[in-house]
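S.K.: Keeping their order, the protein sequence lines are chains A and B. Residue numbers for the first sequence, in my numbering: 766 to 994. Residue numbers for the second sequence, in my numbering: 46 to 66. Mind having a look at this structure? Questions to follow.
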Amino acid sequence: PPQTPIRAAMTSIQQLRGDLTSSGDQPSTHLATYFKNCTVDPTQDVMKRLETLGEAFSQRFGQAVGPHCVTLGRQRFNLGVKLYYKIMEAMLKSEEKRLSVQNFSKLLNDSTFHTSLLACALEVVMATYGESSFKTGGYNQGSGDAAERNMCFPWILDVVNLAAFDFYKVIESFIKADPTLSKDIVKHLETCENLIMERIAWRTGSPLFELLRQEHEGGTAEQVETPAS
Amino acid sequence: SHDYHFGLEDHEGISELFDCD
Chain A
766 PPQTPIRAAM TSIQQLRGDL TSSGDQPSTH LATYFKNCTV DPTQDVMKRL
816 ETLGEAFSQR FGQAVGPHCV TLGRQRFNLG VKLYYKIMEA MLKSEEKRLS
866 VQNFSKLLND STFHTSLLAC ALEVVMATYG ESSFKTGGYN QGSGDAAERN
916 MCFPWILDVV NLAAFDFYKV IESFIKADPT LSKDIVKHLE TCENLIMERI
966 AWRTGSPLFE LLRQEHEGGT AEQVETPAS
Chain B
46 SHDYHFGLED HEGISELFDC D
């Protein structure tokens, strides 16, 4: 049958759900082993963070779509958690191969890493369901319904309280770690990446400025330009 | 299968990006 936007969306959703059918909402045995191999076991912090962010996400989803949709938000979050675990495991396997180490204690106890990875997984889920789609002509300026406008990227960053610059760090590794991501989703993440690089990372309060300052003080960087430049 | 341009070098992974190497 001919491809239509609806059929394409349904196929993407079925593919995402299908890919995650075998993924549990708990860490797999392999991932749990990575946790146990850490100098400081991150398991409890990971669970606690998911509990807190799950509540925040569901509530904000409900506010954006409607109070009756808090449960729907919880379903989206749970799907995001499955993807988060799946990608984390793939990333760690790749790092184990590259670095020949099995103790990732520092990375796995880094709250920013977990929040960035989860935010990226949730962005993929919402983009698949068309809830974070960019309109032609610029982001957050479309004529779609309120829910679409409200939940467009960088909405997720506000929900999980994450700096855009930290979200940027995870995008490429995320795409590398999941070769099954559809072209449309990769394109969506690339659009997020470009928005961060061109605008969001340069907003007041971005951690990028502190990094640039440190580089400058180290004497290795050229004169740092002002944000306006 | 997609046109994404991978910019990271082989020696760069998620550990380096979060300063955890």
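We put the beta carbon where it would ideally sit given N, CA and C, even for glycine.
Three or more beta-carbon pairs under 8 Å between the stretch 970-980 of chain A and the stretch 821-831 of chain A, yes or no?
M.R.: no
S.K.: Are the C-beta of A:Phe-878 and some C-beta of chain D separated by less than 8 Å?
M.R.: Protein chains A and B are contained in the structure displayed, whereas chain D is not.
S.K.: Under a three-way DSSP split, which group does B:Phe-63 fall into?
M.R.: If DSSP states are grouped into helix, strand and coil, B:Phe-63 belongs with coil.
S.K.: Tell me whether A:Thr-880 is buried or exposed, calling it buried when 16 or more other Cβ atoms sit within 10 Å of its Cβ.
M.R.: buried
S.K.: When you compare the CB positions of A:Leu-887 and A:Ile-921, do they come within less than 8 Å of one another, or not?
M.R.: yes
S.K.: Which two residues bound the contiguous alpha helix (DSSP H) that contains A:Tyr-799?
M.R.: 794-801
S.K.: Is the Cβ of A:Met-856 closer than 8 Å to any Cβ of chain B?
M.R.: Closer than 8 Å to some Cβ of chain B, the Cβ of A:Met-856 qualifies, so yes.
S.K.: Does any residue of chain B have a CB that is nearer than 8 Å to the CB of A:Leu-864?
M.R.: yes
S.K.: At the level of alpha carbons, what is the spacing between A:Leu-796 and A:Ile-936?
M.R.: 20 Å
S.K.: Output the boundary residues of the alpha helix (DSSP H) element that contains A:Lys-845.
M.R.: Residue 845 of chain A is actually Gly in this sequence, not Lys. A:Gly-845 -> alpha helix (DSSP H) spans 835-864.
S.K.: Which bits of chain B does A:Leu-872 rub up against, with CB to CB less than 8 Å?
M.R.: Correct list: Ile-59, Ser-60, Phe-63, Cys-65.
S.K.: Are the stretch 859-876 of chain A and the stretch 922-929 of chain A in contact at 8 Å, needing three or more beta carbon pairs?
M.R.: no
S.K.: Shorter than 8 Å from the beta carbon of A:Ser-898 to some beta carbon of chain B?
M.R.: no
S.K.: Are the CB atoms of A:Met-856 and A:Ser-947 within a distance shorter than 8 Å?
M.R.: no
S.K.: Quick check on the DSSP output: the alpha helix (DSSP H) that includes A:Leu-815 runs from which residue to which?
M.R.: 808-830
S.K.: Can you name the residues of chain B whose CB is closer than 9 Å to the CB of A:Ser-859?
M.R.: Gly-58, Ile-59
S.K.: Taking A:Glu-955 as the query, report the chain B residues whose CB atoms sit under 8 Å from its CB, ordered along the chain.
M.R.: Tyr-49
S.K.: Are the beta-carbon atoms of A:Leu-848 and A:Val-890 separated by less than 8 Å?
M.R.: yes
S.K.: At the 8 Å Cβ level, is A:Glu-963 part of the contact set with chain B, yes or no?
M.R.: no
S.K.: Quick one: is A:Leu-937 near chain B, going by C-beta distance under 8 Å?
M.R.: Residue identity differs from the one stated: residue 937 of chain A is Glu in this sequence, not Leu. Closer than 8 Å to some Cβ of chain B, the Cβ of A:Glu-937 qualifies, so yes.
S.K.: Please identify the residue among A:Cys-803, A:Gln-791, A:Thr-786, A:Phe-930 whose C-alpha is closest to the C-alpha of A:Val-866.
M.R.: A:Cys-803
S.K.: Please classify A:Gly-902 as buried or exposed, where buried requires at least 16 neighbouring CB atoms within 10 angstroms.
M.R.: Legend: pLDDT at A:Gly-902 = 47, less than 50; position of this residue unreliable, value from coordinates given subsequently. Result: exposed.
S.K.: Check the C-beta distance from A:Lys-851 over to A:Ser-898 and give it rounded, since I have them as a contact under 8 Å.
M.R.: Between A:Ser-898 and A:Lys-851 the Cβ distance is about 23 Å, and since that is not below 8 Å, they are no contact.
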